[in-house]
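Each residue of the sequence shown is one higher than the last, beginning at 1 in the working numbering.
Data block below; observations after.
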Amino acid sequence: MSDKDIKKEQDNEELQENTANTEADGQEQDLDQEEETETTDGAPEISAAAELAEMKDKYVRLMAEFENFRRRTAKERIDLSKTATQDLMGDLLPVLDDMERARQSMEATRDVDAMLQGLELVFHKLKHVTQQKGLKPMDIHAGDDFDADMHEAVTQIPAPSKELKGKIVDVIEKGYTLNEKVIRFAKVIIGA
1 MSDKDIKKEQ DNEELQENTA NTEADGQEQD LDQEEETETT DGAPEISAAA ELAEMKDKYV
61 RLMAEFENFR RRTAKERIDL SKTATQDLMG DLLPVLDDME RARQSMEATR DVDAMLQGLE
121 LVFHKLKHVT QQKGLKPMDI HAGDDFDADM HEAVTQIPAP SKELKGKIVD VIEKGYTLNE
181 KVIRFAKVII GA
């Protein structure tokens, strides 16, 4: 055998002896602890068990209460999403009625000016209802600075002038905000 093998064997033997000594010491300490608990009156063990049972009961009740809360809020959220648009739809019904009347009058009448005036009135009524609910169109014009938080660049074309370089050249589709939150970005063309 080489010196390395002999050294490994000696290390293994020492390790086994240390493990055996540690186990023996642990068993002696366990016996000492058992003797100490037998000599006491047993009251701390009973109160600890009662306290543990009380804590488990509180924990189970708390978890049940939390689960009920979670279910209740999920149900409320579903109910709210179902009825959230009810108020808006109620306000849009008169506009819908006006549109139906306008369509019927278009079939019967050939006066273009009267039809345009009627459609203009219905459009203003619709615009008024949506503004009351917080919907506002973005005010964007050619020459304004491009803002990625408010605009969506559809394409980029060579700027017609140096002033329009990196700015909005044309607005393709209006953007809208609902209570100061962007719900549709304005689609724009920017100059390169």
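Note that CB positions come from ideal geometry on N, CA and C, so glycine has one too.
Just so it is clear, the structure is predicted and the values come from calculations on it, not from any experiment.
Checklist entry - Is the Cβ-Cβ distance between residue 88 and residue 133 less than 8 Å? => result yes
Item to check | Three-way DSSP call (helix, strand, coil) for residue 155 in this model | outcome: strand
Checklist entry - Can you name the residues that DSSP bridges to residue 167? => result The beta-bridge partner set that DSSP reports for residue 167 consists of 145.
Checklist entry - Can you tell me the Cα-Cα spacing of residue 160 and residue 145, whole angstroms? => result 15 Å
Checklist entry - Taking the alpha-carbon positions, what's the residue 17 to residue 5 distance? => result 19 Å
Checklist entry - Going by beta carbon distance, what residues of the same chain come within less than 7 Å of residue 104, once the five residues before and after it are set aside? => result The beta carbon of residue 104 lies closer than 7 Å to none in the same chain, with the five residues before and after it left out.
Checklist entry - Along the chain, where does the alpha helix (DSSP H) that runs through residue 90 open and close? => result 86–108
Item to check | Close Cβ partners of residue 158 (< 6 Å) along its chain, the five nearest in sequence each way excluded | outcome: So the list reads 192, once near-sequence residues are dropped.
Item to check | Which of helix, strand or coil DSSP assigns to residue 190 | outcome: Three-state DSSP puts residue 190 in a strand.
Checklist entry - So who's on the other strand from residue 181, going by DSSP bridges? => result 178
Checklist entry - Quick one: any contact between the stretch 88–102 and the stretch 62–73, if contact means 3 or more CB pairs under 8 Å? => result no
Item to check | the ligand GDP heavy atom lying under 7 Å from the CB of residue 63 | outcome: Among the ligands in the structure shown, none appear at all, so the ligand GDP cannot be discussed.
Item to check | Simplified DSSP state of residue 136, which is helix, strand or coil | outcome: DSSP, reduced to helix, strand and coil, places residue 136 within a strand of the structure shown.
Checklist entry - Skipping 5 residues on each side, what residues in its chain have a beta carbon closer than 7 Å to that of residue 178? => result 134, 135
Item to check | Neighbourhood of residue 164 by C-beta distance below 7 Å, restricted to the same chain and skipping five residues each side | outcome: 143, 191
Next on the checklist: Rounded to whole angstroms, what is the Cα-Cα separation between residue 121 and residue 114?
Outcome noted: 11 Å
Next on the checklist: Looking at residue 169: is its Cβ nearer than 8 Å to the Cβ of residue 186?
Outcome noted: No, they are not a contact pair.
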